[in-house]
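Take 1 as the starting number for the sequence shown in UniProt numbering and just add one per residue.
Glycine included, each C-beta is placed from N, C-alpha and C at the ideal position.
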Amino acid sequence: KCRTFLTTLLKLAEKQAPEKLPMVRSCIQDLLDGTIDPESFTQRLHTLYKSQPHTSLVPFFKVHE
Numbered sequence: 001k002c003r004t005f006l007t008t009l010l011k012l013a014e015k016q017a018p019e020k021l022p023m024v025r026s027c028i029q030d031l032l033d034g035t036i037d038p039e040s041f042t043q044r045l046h047t048l049y050k051s052q053p054h055t056s057l058v059p060f061f062k063v064h065e
């Protein structure tokens with residue numbers, strides 16, 4: 001499920017906001033490398049897309065750690 005979500009996130013960034021794709025890739029890589037935690041990852045996405053924080057993502061990623 002986690003892999004599917006991250007793949008979908010990359011595809012959406014590529015289609016809808018190609019200028020943000022490198023930043024999205026970097027965020028995902030940092031999450032996978034463990035250099036940022038799920039809270040920081042969701043905060044980065046929130047900042048990048050100027051969207052509402054998705055609090056349900058944090059528990060989702062913690063389950064799949």
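Where the alpha helix (DSSP H) through residue i begins and ends
i: residue 33; result: 21-33
Where residue i falls: helix, strand or coil (DSSP)
i: residue 40; result: helix
i: residue 16; result: helix
i: residue 68; result: Not covered by the structure: residue 68. The range shown for the chain is 1 to 65.
Residue from the options whose Cα sits closest to the Cα of residue i
i: residue 10; options: 24, 1, 44; result: 24
i: residue 27; options: 16, 15, 12, 6; result: 6
i: residue 49; options: 30, 29, 17, 38; result: 17
Span separating the alpha-carbon of residue i from that of residue j
i: residue 46; j: residue 33; result: 20 angstroms
i: residue 15; j: residue 40; result: 24 angstroms
i: residue 37; j: residue 31; result: 6 angstroms
Residue i beta carbon near the ligand FMN (any heavy atom closer than 7 angstroms)
i: residue 8; result: Among the components of this structure there are no ligands whatsoever, and the ligand FMN is therefore not found.
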